[in-house]
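Protein chains in written order, with the numbering used here: chain G, -18 to 226; chain H, 549 to 793. C-beta: ideal position from N, C-alpha, C; glycine also.
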Amino acid sequence: MKLKIDDLYKHYDQKGVIEGLSLDLKDLKILSLIGASGSGKSTLLRLIAGLEVYESGSIEVNGHSVTADASNDYRKKVGFVFQDHNLFNHLSIFENIMLVLEKVHHRNRGEAEAEVTQLLDQFGLLEHAHKKPHQISGGQAQRASIARAMAIKPDLILLDEPTSSLDPVLTYEVLNAVRKLAEKSIDFIIVTHEIGFAKNIADHIVFMAAGKIIEQGSADILNAPKTNELKSFLDKILTYNSPEL
Amino acid sequence: MRKKSGFVAAAALYVVFYLFVASQALERTIDFSSYLAYAPVIFRGWLTTIAISLVSLILAILVGLILYLMRESKFSVLFYLAEIHKTIIFGTPLVVLAMVAYFYIGDAFGIKSKFWVGAIALAFYIGAYIADIYKGAVESIHINQWQTAKMFGFTRYQTYRYVVLPQVITSILPPLTGQLTMTIKSSAILAYMATDEFLNTIRTVQAIGFRYPEGFMITILGYLILTVPLIVLVGKLEKKLNYKV
Chain G
-18 MKLKIDDLYK
-8 HYDQKGVIEG
2 LSLDLKDLKI
12 LSLIGASGSG
22 KSTLLRLIAG
32 LEVYESGSIE
42 VNGHSVTADA
52 SNDYRKKVGF
62 VFQDHNLFNH
72 LSIFENIMLV
82 LEKVHHRNRG
92 EAEAEVTQLL
102 DQFGLLEHAH
112 KKPHQISGGQ
122 AQRASIARAM
132 AIKPDLILLD
142 EPTSSLDPVL
152 TYEVLNAVRK
162 LAEKSIDFII
172 VTHEIGFAKN
182 IADHIVFMAA
192 GKIIEQGSAD
202 ILNAPKTNEL
212 KSFLDKILTY
222 NSPEL
Chain H
549 MRKKSGFVAA
559 AALYVVFYLF
569 VASQALERTI
579 DFSSYLAYAP
589 VIFRGWLTTI
599 AISLVSLILA
609 ILVGLILYLM
619 RESKFSVLFY
629 LAEIHKTIIF
639 GTPLVVLAMV
649 AYFYIGDAFG
659 IKSKFWVGAI
669 ALAFYIGAYI
679 ADIYKGAVES
689 IHINQWQTAK
699 MFGFTRYQTY
709 RYVVLPQVIT
719 SILPPLTGQL
729 TMTIKSSAIL
739 AYMATDEFLN
749 TIRTVQAIGF
759 RYPEGFMITI
769 LGYLILTVPL
779 IVLVGKLEKK
789 LNYKV
């Protein structure tokens, strides 16, 4: 992916959430945004998705200029996995994916059904295909949400803390599902607190605090942080984490 | 699960209360003969109550939708028209509105049928409450559902048609059924407009036979036969449709 952000500002009620952020990355596969709560990483992801309005600056993704009024052409190429699965509550897992493929992507019903079945099988969800979101576990719902994002065959998937509301076992399940995205050669940007996972999978890591980028680089920055902010963040987050994670 | 014996004991207490009132207030033995003589007329009145309630509710569903759309409109004149209507309806007794509708508004618009003046008056009254039901139901659709639809590139129409409306319908069914109960009870007010509905036919027979207590007994029973099944249905619908979001 190509991601170019130039002098971006975003405020909520006069309070700056993104403060003059710039980023210029090319030939990138997996970008991980890390930072403490309130650092602005989720907001940045939502701005990249075109879900929020920004005050000034610019965002360009793979040549598309992104705003909150981003065209549907852009949205059809970008998948988004929210913190809380956000499956449509009234539809089964199968219908959740079919609805998007049929109504937005105008896919032939027969072909779409075959693809959805195959996708759900890949994610170990076939036996739950006709259950509604409230009838399955949080981890299964989140995996279904990832499958839905993949179904549109996007160029890029954005994941906003997909494991934040899950217990460790379900987190493991979902992270495995995310890993599948990497194997499929789909580019993605992930906001995560799972530092071990980010280290393992990302080819670029951006550490944010107070709406700014404090440090960025390859996964090595997590082994040898240059700034006190990142060092202190890692000390706190890794204190109670097992080193194998 | 509450014990059935509790229900039997509560029902017995109501019977005791009734017998006490009857022993204190009734001077004569109970005699239903005048009501039996006019049974076909009373039955027709009872059917009229059902018809007027159903017609009113169907009209009220439309009136409520129009009022809701007016309140959501960008045009302030439409918004205020709906708001003023709601304020008048919420702040005035139904009996007053029904008489004004009967003596003046129906007359002004050349509507001679008492049935239709009554049904339209009730529809405008109940419609104000139904508009609030729509508002609550649409607001209960979590922002995430809207954002997910936006992210996947649904148009505004598709978002309403495939995501919002199916969820709104599910959540308005129980309160709408509740409104039908309200409409049935409120239709009694049309007796003041000399509409030949259930209460009015009973009042007429009361005036003929001077058997007032018996008339009230039949009235209460006649309304309960209509409303109790609906109250039970509302309870069942709420249980069935109340899923976790």
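Beta-carbon spacing of residue i, residue j below 8 Å
i, j, result
"residue 720/H", "residue 774/H", "no"
"residue 159/G", "residue 117/G", "no"
"residue 754/H", "residue 678/H", "no"
"residue 61/G", "residue 125/G", "no"
"residue 85/G", "residue 123/G", "no"
"residue 59/G", "residue -16/G", "no"
"residue 14/G", "residue 170/G", "yes"
"residue 716/H", "residue 697/H", "no"
"residue 642/H", "residue 673/H", "yes"
"residue 172/G", "residue 23/G", "yes"
"residue 6/G", "residue 115/G", "no"
"residue 600/H", "residue 735/H", "yes"
"residue 135/G", "residue 167/G", "yes"
"residue 725/H", "residue 782/H", "yes"
"residue 72/G", "residue 183/G", "no"
"residue 78/G", "residue 132/G", "yes"
"residue 668/H", "residue 747/H", "no"
"residue 779/H", "residue 718/H", "no"
"residue 164/G", "residue 190/G", "no"
"residue 675/H", "residue 770/H", "no"
"residue 590/H", "residue 749/H", "yes"
"residue 137/G", "residue 42/G", "yes"
"residue 9/G", "residue -14/G", "no"
"residue 64/G", "residue 146/G", "yes"
"residue 741/H", "residue 622/H", "no"
"residue 737/H", "residue 646/H", "yes"
"residue 706/H", "residue 69/G", "no"
"residue 151/G", "residue 120/G", "yes"
Within chain H, the residues that residue i reaches when beta carbons sit closer than 8 Å
i, result
"residue 84/G", "702, 706, 710"
Chain-ordered chain G contacts of residue i [CB-CB under 7 Å]
i, result
"residue 714/H", "71"
"residue 514/H", "Summary: the structure shown does not reach residue 514/H, with chain H confined to residues 549 through 793, and so no result is reported for it."
Neighbour list for residue i in chain G, Cβ cutoff strictly below 8 Å
i, result
"residue 695/H", "32, 63, 67"
"residue 698/H", "32, 56"
"residue 718/H", "71"
Residues that residue i contacts on chain H, provided the C-beta gap is smaller than 9 Å
i, result
"residue 97/G", "Going along chain H, no residue has its Cβ under 9 Å from residue 97/G, so there is no contact; the nearest lies around 14 Å."
"residue 253/G", "The question about residue 253/G has no answer, for chain G in this structure spans -18 to 226."
7 Å Cβ cut-off: residues of chain H touching residue i
i, result
"residue 80/G", "710"
"residue 53/G", "701"
Query - Contiguous beta strand (DSSP E) assignments of at least 3 residues, all confined to the region 103 to 150 of chain G - result: 137 to 141
Query raised in the report: Is the region 699 to 717 of chain H touching the region 552 to 567 of chain H in the sense that three or more CB pairs, one from each, lie closer than 8 Å?
Result: no
Query raised in the report: Does the pairing of the region 607 to 625 of chain H with the region 663 to 679 of chain H give three or more beta-carbon distances under 8 Å?
Result: yes
Requested in this report: Identify every run of the beta strand (DSSP E) within the region 695 to 725 of chain H, keeping only runs that are complete inside it and at least 3 residues long; order them along the chain.
Outcome: none
Query raised in the report: How about the region 573 to 586 of chain H and the region 747 to 767 of chain H: do they share at least three Cβ pairs that are nearer than 8 Å?
Result: yes
Report task. Tell me the start and end of each unbroken alpha helix (DSSP H) in the region 663 to 700 of chain H that is at least 4 residues and wholly inside, in chain order. Result -> 691 to 699
Requested in this report: Tell me, please, whether the region -11 to -2 of chain G touches the region 28 to 43 of chain G by the rule of three or more beta-carbon pairs shorter than 8 Å.
Outcome: yes
Report task. Spell out a yes or no on whether the region 24 to 33 of chain G and the region -6 to 1 of chain G are touching, meaning 3 or more CB-CB pairs, one atom from each, closer than 8 Å. Result -> yes
Report task. Assess, as a yes-or-no matter, whether the region 76 to 93 of chain G is touched by the region 699 to 709 of chain H under the definition of 3 or more beta carbon pairs within less than 8 Å. Result -> yes
Requested in this report: Pair every Cβ in the region 87 to 106 of chain G with every Cβ in the region 652 to 659 of chain H, then say whether three or more of these pairs are closer than 8 Å.
Outcome: no
Requested in this report: Starting from the N-terminal side, write out each stretch of the beta strand (DSSP E) that is 3 residues or longer and does not extend beyond the region -9 to 18 of chain G.
Outcome: -4 to 6, 11 to 16
Query raised in the report: What alpha helix (DSSP H) runs, 4 residues minimum, are completely inside the region 610 to 646 of chain H?
Result: 624 to 639
Report task. Would you mind listing the alpha helix (DSSP H) stretches within the region 17 to 42 of chain G that are 4+ residues and don't spill past its ends, in chain order? Result -> 22 to 30
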